[in-house]
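Peer 1:
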Amino acid sequence: MSRSAIAEVAAGPSPAAALAGRALEVIAPFLIALAVGGLVLAVTGRDAIGTYGLLVEQSLGGAQAIANTLVAATPILFTGLATGVAFRTGVFNVGVEGSLYVGAFAAAWVGFSFTTLPGPLLVFLAVVSGGLAGVAWAAVPGALRAWWRVDEVVTTLMANYIAILFTSYLVNYWFLAPGVANSMSPLVAAQAQLSPLVGSTQLTLAFPIALVATFLYWVLFRATTVGYRLQIVGMSPRFATASGIHVARTIIVAMVISGLLGGLAGAFQILAVNHRFIANFSPGYGFTGIAVALLGRNSAPGILAAALFFGALANGGSMIQLFSDIPLDLINVVQGTVMIIAVIELRRLGRLVRARSHA
Amino acid sequence: MLEVLSTILASAAPATTAILLAAMGGLINRQAGIVNIGLEAIMLVGAFIAVVVSAATGSPFVAVVSAALVGGVVGLFFSITITRLGGNEIISGLGLNLLVVGLFGYLLPVAYGVQGTLIPTGLVGLPSIQLPLIDAIPLVGPVLSGHDPLTYLSWLSVPLVSLFLYRTAAGIALRATGANEEAALAAGIPTRLVRDMSTVVAGMFAGLAGAQLSLGVVTLFNKNMTGGRGFIALAAFYFGDARPGLTALGALIFGVFESASFRLQSSGWPPQIVQSLPYLVVVGSLTLVAVRQAWQTRARAERIALRVSSTPPGE
Chain A
50 MSRSAIAEVA AGPSPAAALA GRALEVIAPF LIALAVGGLV LAVTGRDAIG TYGLLVEQSL
110 GGAQAIANTL VAATPILFTG LATGVAFRTG VFNVGVEGSL YVGAFAAAWV GFSFTTLPGP
170 LLVFLAVVSG GLAGVAWAAV PGALRAWWRV DEVVTTLMAN YIAILFTSYL VNYWFLAPGV
230 ANSMSPLVAA QAQLSPLVGS TQLTLAFPIA LVATFLYWVL FRATTVGYRL QIVGMSPRFA
290 TASGIHVART IIVAMVISGL LGGLAGAFQI LAVNHRFIAN FSPGYGFTGI AVALLGRNSA
350 PGILAAALFF GALANGGSMI QLFSDIPLDL INVVQGTVMI IAVIELRRLG RLVRARSHA
Chain B
1436 MLEVLSTILA SAAPATTAIL LAAMGGLINR QAGIVNIGLE AIMLVGAFIA VVVSAATGSP
1496 FVAVVSAALV GGVVGLFFSI TITRLGGNEI ISGLGLNLLV VGLFGYLLPV AYGVQGTLIP
1556 TGLVGLPSIQ LPLIDAIPLV GPVLSGHDPL TYLSWLSVPL VSLFLYRTAA GIALRATGAN
1616 EEAALAAGIP TRLVRDMSTV VAGMFAGLAG AQLSLGVVTL FNKNMTGGRG FIALAAFYFG
1676 DARPGLTALG ALIFGVFESA SFRLQSSGWP PQIVQSLPYL VVVGSLTLVA VRQAWQTRAR
1736 AERIALRVSS TPPGE
């Protein structure tokens, strides 16, 4: 699939596409991926249906479980939106993980450095710094692509590893928490740690804010000129140029928004859950974001649904790991399958449905 | 000075092998028009297969061949998602990486009862081979001799890949496919088959690279043992613009970085900074190439503009 085709899929199916076909398109990768996971379980002599049952129970059964699922969904909702903005603009940003790392580090740094500031101000500054760090990180490959056509796939992929290593360097050489052997920064000030909304969960304001971001994402593409420009550039850069849209500038705008969301993902993960920067802390939130965006067809409701799905998987998976001998890694198998299937099978199905509806 | 260089290169040689092999596979794939982000995953599969087969048969040779074959099969599946099912190479590649990492993370404890590292009984590693005569040469001997067979194979692969790409009909068909698939198709080249075969070959190279890690560098399998080398290989052939000689140079530079990182670490260099050098080099070199191209294009445009404006109207 070419890049413009990704953007085309992103822009939604043609009006003629049947609703049923669309539902099938969206659901099929979930089912296939779960089937592959089930196959792995069965082949290794585990009870696939029982495991999935436990997974559903642990991720959805009861308020505590649902709260944990929402907590797990929060970072990947942000990274899914971050990826979605870029994909819809036809910019292949696979570097959200990098923005997440620098955003997380910046937020943690503000949080443990300016400990005398009042809570709301400190949180605000930490979030803003995290977002801006993410923007700065993404703007570089964005500008390189926009001005000199440097392949953003390679630069953003490389930038991920640079960000992971660089933040690890910062924490190990400059900001190591006193008395801690592992690569951790000091804790952020107590007033900067977001307090739980419900009981003793880790569900904080971070999730509602991610929902607001999802709504703004929807508004961006539904009702704003900027969003329209992004979309046109994604569909056809040549047409965009012909209609007077500044393509280079639009690409940079997409990368800036993408980096902002990626940085926010990291910042909120620190303030809500980890409370300190830990080297290599992300289990691939940025990469899961790619799966989320693909599965959600880059639309706001789709991304929300996919983030909740992966959040439930991650939460349920880690609970299963606690209670049985089934490692959390199974979730990566499901996720990897989704990524491979989401772009291939869907298009074939889509073509089939379209061919049938034309006949 | 020369002694230092000799020591550096001697320890860089085995560290370069896996990167070089994977990069050679990746560049063949790239020349055929596919960017293979799945190299890292296929390397890990190769490393695993090599260890399991070596333990089962006691023959590292059979193990290496199996790793290459299985690598080729994984490459084929990967290729089909791209060439025949309309998948995107980057997404499929990232997905493959996740899938494989998850699979081994799952399988090691569940099927083998170990966490992370697998050392089955009866595992035999690759022998190191002394090259007669050469190993007696001072300074040069330690660099060129005393390595595992896959290291020698990786060196041989550079001229062989070069010969294949630029001097054989198949190589030219492959490059034509990568340069312009429609034109190649019109010229009667079965482009899909060519692209699939290039990915199979890339998979075989990556499988060999994995086998070198698990039977050459060390004799065990660890789920993190590829450690980003697949991406460094990607970096190497991007650095080398998918040309064998330059790519090999890139792989060697990154191999030197890697083997030096331990030493630099003990002399106070942060390992994280040393490890990020390959990635920085790639971003830097891609940018330089792109800027130069942009300037050349602009210079050409200005020359044409000048010619047009100095031509009197009506001529």
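Chains as they are written, first to last, in this note's numbering: chain A, 50 to 408; chain B, 1436 to 1750.
For each residue, glycine too, the CB sits at the ideal point set by N, CA and C.
As the structure is a prediction and not an experimental result, all values here were calculated from the model.
One question on the structure: do L1533 of chain B and N117 of chain A come within less than 7 Å of each other, judged by their Cβ atoms?
Peer 2: Counted from its first residue, the second sequence places residue 1533 of chain B at position 98. Counted from its first residue, the first sequence places residue 117 of chain A at position 68. Not in contact: L1533 of chain B and N117 of chain A (Cβ atoms no closer than 7 Å).
Peer 1: Is there at least one Cβ from chain B nearer than 7 Å to V296 of chain A's Cβ?
Peer 2: In the first sequence, counting from the first residue as 1, residue 296 of chain A sits at position 247. V296 of chain A does not count as touching chain B.
Peer 1: To the nearest angstrom, how far is it from the Cα of F163 of chain A to the Cα of L171 of chain A?
Peer 2: Position 114 of the first sequence, counted from the start, is the residue given in the question as residue 163 of chain A. Position 122 of the first sequence, counted from the start, is the residue given in the question as residue 171 of chain A. One C-alpha to the other measures close to 7 Å.
Peer 1: Buried or exposed, going by whether 16 or more other CB atoms sit within 10 Å of the CB of N347 of chain A?
Peer 2: To locate residue 347 of chain A, count along the first sequence from 1; it is residue 298. It counts as buried.
Peer 1: Within 7 Å of any Cβ in chain B, is that where the Cβ of V58 of chain A sits?
Peer 2: As a position in the first sequence, residue 58 of chain A is number 9, starting the count at 1. Only weak support is given to the placement of V58 of chain A: the predicted model assigns it a pLDDT of 49, under 50, and the value that follows is read from those uncertain coordinates. Judged by the 7 Å Cβ criterion, V58 of chain A is not in contact with chain B.
Peer 1: Assign N329 of chain A to buried or exposed, taking buried as 16 or more other Cβ atoms, counted over all protein chains shown, within 10 Å of its Cβ.
Peer 2: Along the first sequence, one-based indexing puts residue 329 of chain A at 280. Counting Cβ neighbours within 10 Å, N329 of chain A comes out exposed, since fewer than 16 surround it.
Peer 1: Tell me whether the beta-carbon of G160 of chain A lies closer than 7 Å to the beta-carbon of A262 of chain A.
Peer 2: To locate residue 160 of chain A, count along the first sequence from 1; it is residue 111. To locate residue 262 of chain A, count along the first sequence from 1; it is residue 213. Contact flag unset, no.
Peer 1: Can you name the residues of chain B whose CB is closer than 9 Å to the CB of F215 of chain A?
Peer 2: Start at 1 with the first residue of the first sequence, and residue 215 of chain A comes out as number 166. Simply Q1707, I1708, S1711.
Peer 1: Who are the near neighbours of L236 of chain A in its chain, counting only those whose CB is closer than 6 Å to its CB and skipping five residues on each side?
Peer 2: Indexing the first sequence from 1 puts residue 236 of chain A at position 187. H324, R325.
Peer 1: Tell me whether the beta-carbon of A188 of chain A lies closer than 7 Å to the beta-carbon of V302 of chain A.
Peer 2: If you number the first sequence from 1, residue 188 of chain A lands on position 139. If you number the first sequence from 1, residue 302 of chain A lands on position 253. No.
Peer 1: May I ask you to report which of helix, strand or coil DSSP gives L401 of chain A?
Peer 2: Here the question's residue 401 of chain A lines up with position 352 in the first sequence. Below a pLDDT of 50, predicted positions are generally treated as unreliable, and L401 of chain A, at 47, falls in that range; the measurement from the model is reported next regardless. It is helical.
Peer 1: Could you list the residues in the segment 1453-1472 of chain B with a C-beta less than 8 Å from some C-beta on chain A, going in chain order?
Peer 2: Answer set for the segment 1453-1472 of chain B: V1470, I1472.
Peer 1: Going by C-alpha distance, which of A:A135, A:G335, A:A69, A:S244 is nearest R278 of chain A?
Peer 2: Start at 1 with the first residue of the first sequence, and residue 278 of chain A comes out as number 229. Nearest of A:A135, A:G335, A:A69, A:S244 to R278 of chain A, Cα basis: A:A135.
Peer 1: What separation, rounded to the nearest whole angstrom, lies between the Cα atoms of Y1587 of chain B and D1570 of chain B?
Peer 2: For the purposes of this step, residue 1587 of chain B is identified with residue 152 of the second sequence, where counting begins at 1. For the purposes of this step, residue 1570 of chain B is identified with residue 135 of the second sequence, where counting begins at 1. Computed Cα separation, rounded: 14 Å.
Peer 1: Under three-state DSSP, which class holds M233 of chain A?
Peer 2: To locate residue 233 of chain A, count along the first sequence from 1; it is residue 184. Note: M233 of chain A maps to strand in three-state DSSP.
Peer 1: Could you round the C-beta distance between A1677 of chain B and A1457 of chain B to whole angstroms and report it? I think they count as a contact, below 8 Å.
Peer 2: Residue 1677 of chain B sits at position 242 when you count from the first residue of the second sequence. Residue 1457 of chain B sits at position 22 when you count from the first residue of the second sequence. Their Cβ separation, rounded to whole angstroms, is 13 Å, which puts A1677 of chain B and A1457 of chain B out of contact at 8 Å.
Peer 1: Measure the C-alpha to C-alpha separation of V392 of chain A and S1580 of chain B and round it to an integer number of angstroms.
Peer 2: Taking the first residue of the first sequence as position 1, residue 392 of chain A is located at position 343. Taking the first residue of the second sequence as position 1, residue 1580 of chain B is located at position 145. Answer to the nearest angstrom: the Cα atoms are 47 Å apart.
Peer 1: In this structure, does DSSP put T204 of chain A in helix, strand or coil?
Peer 2: Residue 204 of chain A sits at position 155 when you count from the first residue of the first sequence. Helix, per DSSP.
Peer 1: Rounded to the nearest angstrom, what separates N316 of chain A and G308 of chain A at their Cα positions?
Peer 2: Walking along the first sequence from the start, residue 316 of chain A turns up at place 267. Walking along the first sequence from the start, residue 308 of chain A turns up at place 259. Note on residue identity: the sequence assigns Ala, not Asn, to residue 316 of chain A. Their Cα atoms are separated by approximately 12 Å.
Peer 1: Could you compute how far the alpha carbon of S148 of chain A sits from the alpha carbon of A212 of chain A?
Peer 2: On the first sequence, residue 148 of chain A is found 99 positions in, with the first residue counted as 1. On the first sequence, residue 212 of chain A is found 163 positions in, with the first residue counted as 1. Spanning the two alpha carbons is a distance of roughly 8 Å.
Peer 1: On the DSSP bridge list, what partners appear for T1452 of chain B?
Peer 2: Here residue 1452 of chain B refers to the residue found at position 17 when the second sequence is read from its first residue. None, per the DSSP bridge assignment.
Peer 1: Per DSSP, which one or two residues make a beta bridge with F358 of chain A?
Peer 2: Residue 358 of chain A sits at position 309 when you count from the first residue of the first sequence. Bridge partners of F358 of chain A: none, in fact.
Peer 1: Determine, using beta carbons only, whether N381 of chain A comes closer than 7 Å to chain B.
Peer 2: As a first step, residue 381 of chain A must be located in the first sequence, where it is residue number 332. For N381 of chain A, the answer is yes, since a Cβ of chain B falls inside 7 Å of its Cβ.
Peer 1: Whole alpha helix (DSSP H) runs in the segment 249-337 of chain A with 4 or more residues, listed along the chain?
Peer 2: As far as the segment 249-337 of chain A is concerned, its whole alpha helix (DSSP H) runs of at least 4 residues are 255-272, 274-284, 286-291, 296-318.
Peer 1: Please give me, in chain order, every unbroken run of the alpha helix (DSSP H) with length at least 4 that falls completely inside the segment 1669-1737 of chain B.
Peer 2: The qualifying runs are 1679-1701.
Peer 1: To the nearest angstrom, how far is the alpha carbon of R1610 of chain B from that of G1638 of chain B?
Peer 2: Numbered from its first residue, the second sequence carries residue 1610 of chain B at position 175. Numbered from its first residue, the second sequence carries residue 1638 of chain B at position 203. Taking the straight line joining both Cα atoms gives about 18 Å.
Peer 1: Just to confirm, is the Cβ distance from G1665 of chain B to L1531 of chain B under 7 Å?
Peer 2: As a first step, residue 1665 of chain B is located in the second sequence; it is residue number 230 there, counting from the start. As a first step, residue 1531 of chain B is located in the second sequence; it is residue number 96 there, counting from the start. Result no, Cβ atoms of G1665 of chain B and L1531 of chain B do not sit closer than 7 Å.
Peer 1: Assign L377 of chain A to one of three DSSP states: helix, strand, or coil.
Peer 2: In the first sequence, the residue the question calls residue 377 of chain A occupies position 328. Coil.
Peer 1: Exposed or buried, what is V1718 of chain B when buried is set at 16 or more other beta-carbons lying within 10 Å of its beta-carbon?
Peer 2: Counted from its first residue, the second sequence places residue 1718 of chain B at position 283. Its Cβ being crowded by 16 or more others within 10 Å, V1718 of chain B is buried.
Peer 1: If you draw a straight line from the alpha carbon of L313 of chain A to that of L193 of chain A, how long is it in whole angstroms?
Peer 2: If you number the first sequence from 1, residue 313 of chain A lands on position 264. If you number the first sequence from 1, residue 193 of chain A lands on position 144. Looking at the two C-alpha atoms, the distance is approximately 23 Å.
Peer 1: Does any CB atom of chain B fall closer than 7 Å to the CB of V392 of chain A?
Peer 2: The count along the first sequence starts at 1 and reaches residue 392 of chain A at position 343. Taking Cβ atoms only, chain B reaches closer than 7 Å to V392 of chain A, which makes this a yes.
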